[in-house]
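In what follows, a structure is listed as structure tokens, so that the remarks can point back to it.
There are 2 protein chains.
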Amino acid sequence: MQSLQDKASEWSGVAAADAFAIDDGNIFESLGGTPQPFVDLSTNFYTRSAIAPLFLDQRLSALIRTDLDFLLTSTRLIPGSNRVYEDEEEWFREIFSGSKKEDAIQNQYEFLIQRMGGPPLFSERRGHPALIGRHRPFLVTHRAAERWLHHMQQALDTTESIDADSKVKMMNFFRHTAYFLVAGNEMTRKQSQSVACKHATSKPAE
Amino acid sequence: MQSLQDKASEWSGVAAADAFAIDDGNIFESLGGTPQPFVDLSTNFYTRSAIAPLFLDQRLSALIRTDLDFLLTSTRLIPGSNRVYEDEEEWFREIFSGSKKEDAIQNQYEFLIQRMGGPPLFSERRGHPALIGRHRPFLVTHRAAERWLHHMQQALDTTESIDADSKVKMMNFFRHTAYFLVAGNEMTRKQSQSVACKHATSKPAE
Numbered sequence: 001m002q003s004l005q006d007k008a009s010e011w012s013g014v015a016a017a018d019a020f021a022i023d024d025g026n027i028f029e030s031l032g033g034t035p036q037p038f039v040d041l042s043t044n045f046y047t048r049s050a051i052a053p054l055f056l057d058q059r060l061s062a063l064i065r066t067d068l069d070f071l072l073t074s075t076r077l078i079p080g081s082n083r084v085y086e087d088e089e090e091w092f093r094e095i096f097s098g099s100k101k102e103d104a105i106q107n108q109y110e111f112l113i114q115r116m117g118g119p120p121l122f123s124e125r126r127g128h129p130a131l132i133g134r135h136r137p138f139l140v141t142h143r144a145a146e147r148w149l150h151h152m153q154q155a156l157d158t159t160e161s162i163d164a165d166s167k168v169k170m171m172n173f174f175r176h177t178a179y180f181l182v183a184g185n186e187m188t189r190k191q192s193q194s195v196a197c198k199h200a201t202s203k204p205a206e
Numbered sequence: 207m208q209s210l211q212d213k214a215s216e217w218s219g220v221a222a223a224d225a226f227a228i229d230d231g232n233i234f235e236s237l238g239g240t241p242q243p244f245v246d247l248s249t250n251f252y253t254r255s256a257i258a259p260l261f262l263d264q265r266l267s268a269l270i271r272t273d274l275d276f277l278l279t280s281t282r283l284i285p286g287s288n289r290v291y292e293d294e295e296e297w298f299r300e301i302f303s304g305s306k307k308e309d310a311i312q313n314q315y316e317f318l319i320q321r322m323g324g325p326p327l328f329s330e331r332r333g334h335p336a337l338i339g340r341h342r343p344f345l346v347t348h349r350a351a352e353r354w355l356h357h358m359q360q361a362l363d364t365t366e367s368i369d370a371d372s373k374v375k376m377m378n379f380f381r382h383t384a385y386f387l388v389a390g391n392e393m394t395r396k397q398s399q400s401v402a403c404k405h406a407t408s409k410p411a412e
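For the protein sequence lines, the chains are A and B, in the order given.
Just so it is clear: in the first sequence, position 135 is 135 by the working numbering, and no numbers are missing.
Just so it is clear: in the second sequence, position 68 is 274 by the working numbering, and no numbers are missing.
See the structure below:
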């Protein structure tokens with residue numbers, strides 16, 4: 001049987017070694033050892049407006065390094081259209097419809113900071129990433145993966161606080177991970193179906 | 207709604223801060239920066255024989271640092287009874303019945319090495335840990351968590367290459383994680399049931 005990893009590599013076109021090249025060095029440290037680049041990226045992923053220049057202000061930058069709450073508050077104040085939440089495809093928008101944008105941004109950047117060598121902010125607040133488990137309610141298809149990656153590529157393109165080399169590594173990680181989740185989602189749905197059918201057959205009158 | 211993290215803390219009796227105290231330092235480095243303590247632990251978890259003294263041989267230890275394959279081969283050669291695979295409870299044994307002991311040992315110590323600050327051996331070979339997703343096929347109940355923890359406590363007790371302080375931190379992590387998986391398993395099963403019921407109801411004649 002083909003493993004999740006094999007499927008992810010085949011479908012994404014990214015070998016595991018390239019996907020996990022993010023672990024060759026410490027991306028969090030190489031980007032300055034602050035949450036800012038990841039906050040920029042996740043904000044750009046969910047929000048179309050370019051807010052990066054604001055954070056280049058040195059006084060704000062100093063605040064941000066010690067006060068993530070302030071940062072979250074400030075992102076709420078910045079006007080701008082939504083990227084993912086206003087996607088032209090309804091089926092894609094619906095994946096995000098149950099979560100508040102501010103929460104989605106925080107969940108994503110805390111995960112990314114943790115995964116790229118920074119402090120384990122996500123696990124301290126929410127536990128293990130459990131990527132497949134947490135994506136279980138959504139229909140993570142090849143098409144959904146491509147649309148997510150399309151937005152992430154655009155978000156990366158507009159994030160000035162991340163250098164070109166890190167962007168390549170991160171995109172390889174994202175591409176491989178997106179298809180890993182397609183494979184994982186398929187696997188858990190197949191398992192559920194077999195349970196479901198047995199259950200339905202044994203209790204037909206209910 | 208209570209989060210997975212809240213349920214894990216309530217059921218395990220371990221606060222998130224204590225569970226993730228493993229991240230306060232780098233346990234992999236503090237244990238010598240080699241796979242050996244983790245290989246010892248996972249071998250002790252699945253195998254009852256005390257193999258630790260063998261690895262204290264300096265020549266073997268040097269080999270082990272550079273050759274995990276050799277190590278795996280050597281663990282296969284050591285006679286000893288099985289711990290988890292020969293558990294007195296059939297329902298617990300069955301959780302492991304589909305996996306080869308050598309694979310189970312390698313999966314566990316590669317995950318632990320990666321999670322405790324060492325090289326990302328697990329992800330390079332198998333992808334994201336995806337703890338909830340990978341445990342989806344098994345009925346991870348409170349009772350199963352306690353039995354798993356019982357064996358892990360015994361395995362830790364007999365692993366001389368791990369110091370007392372690290373053992374406390376690791377056991378807190380294991381206890382919290384075991385119940386995090388109980389909560390995650392419950393969550394994905396509930397999601398499956400609701401899908402299952404809708405499916406069954408709409409196609410009663412099948």
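Glycine is no exception: its CB is placed at the ideal position from the N, C-alpha and C atoms.
Small disclaimer: the values here were computed from a predicted structure and weren't measured.
Output needed for residue i: all residues of its chain with C-beta closer than 6 Å, excluding positions within five of it in sequence on either side, in chain order.
| i | result |
| --- | --- |
| I105(A) | S42, T43, Y46 |
| L318(B) | F244 |
| V346(B) | L387, V388, N391 |
| W11(A) | Y179 |
| N107(A) | none |
| D293(B) | R299 |
| D57(A) | Summary for D57(A): the model assigns pLDDT 44, below 50, so the residue's position carries little reliability, and this model does not support an answer. |
| P35(A) | I113 |
Listing by chain order, which chain A residues have their CB less than 8 Å from the CB of residue i?
| i | result |
| --- | --- |
| R254(B) | Here the premise fails: no neighbours, minimum Cβ distance about 29 Å. |
| F226(B) | P120, S123, E124 |
| A350(B) | Within chain A, no residue comes near A350(B); the closest Cβ sits about 17 Å away, beyond 8 Å. |
| A361(B) | Neighbours of A361(B) on chain A: none; closest Cβ ~21 Å, over 8 Å. |
In chain B, which residues lie with their C-beta within 8 Å of the C-beta of residue i?
| i | result |
| --- | --- |
| Q5(A) | R331, R332, G333 |
Along chain B, in chain order, which residues have C-beta atoms closer than 7 Å to that of residue i?
| i | result |
| --- | --- |
| D23(A) | P326 |
| I132(A) | A336, I338, G339 |
| A104(A) | The premise fails here: A104(A) is roughly 15 Å from chain B at the closest Cβ pair, so nothing lies under 7 Å. |
Looking only at its own chain, which residues have a Cβ that is under 8 Å from the Cβ of residue i, when we skip the five neighbours before and after it?
| i | result |
| --- | --- |
| I27(A) | M116, G117, S166, K169, M170 |
| Q320(B) | P326, L327, F328, S329, P335 |
| G239(B) | G324 |
| F175(B) | With chain B running from 207 to 412 in the structure shown, residue 175(B) is simply not present. |
| A222(B) | Q211, A214, S215, H382 |
| R342(B) | N391, T394 |
For residue i, which residues in chain A fall below 9 Å Cβ to Cβ?
| i | result |
| --- | --- |
| G304(B) | Within 9 Å Cβ-Cβ: nothing; G304(B) doesn't reach chain A, min ~12 Å. |
| S398(B) | R136, T188, R189, Q191, S192, Q193, V195, A196 |
| A370(B) | The contacting residues do not exist; A370(B) stays about 23 Å from chain A at best. |
Go through its chain and collect everything with a Cβ distance to residue i's Cβ below 7 Å, but skip five positions before and after it.
| i | result |
| --- | --- |
| H151(A) | F45, R83, V84 |
| L355(B) | F380, R381, A384 |
| R48(A) | G80, S81, N82, R83 |
| E110(A) | L121, F122, R125 |
| S236(B) | S372 |
| W297(B) | none |
Starting from residue i, trace the alpha helix (DSSP H) both ways and give me its first and last residue.
| i | result |
| --- | --- |
| M358(B) | 348-363 |
| E124(A) | 121-126 |
| G133(A) | 131-134 |
| V39(A) | 36-46 |
| K213(B) | 210-218 |
| L112(A) | 101-115 |
| E296(B) | 296-302 |
| S30(A) | 27-30 |
| D18(A) | 16-19 |
Identify the contact partners of residue i in chain A, using a Cβ-Cβ distance below 7 Å as the criterion.
| i | result |
| --- | --- |
| A221(B) | By Cβ distance, chain A contributes nothing, its closest Cβ being about 11 Å from A221(B), past 7 Å. |
Practice prompt. Tell me, please, whether the segment 222-235 of chain B touches the segment 374-381 of chain B by the rule of three or more beta-carbon pairs shorter than 8 Å.
Written response: Segments in contact, yes.
Discussion item. Under 8 Å: do the segment 384-392 of chain B and the segment 339-357 of chain B share three or more Cβ pairs, one atom per stretch?
Written reply: yes
Fill in: Residues of the segment 173-190 of chain A with Cβ closer than 9 Å to any Cβ of chain D, in chain order
Among the protein chains of the structure shown, namely A and B, there is no chain D.
Practice prompt. Please confirm if the segment 4-13 of chain A is in contact with the segment 88-99 of chain A, defined as three or more CB-CB distances below 8 Å between the two stretches.
Written response: no
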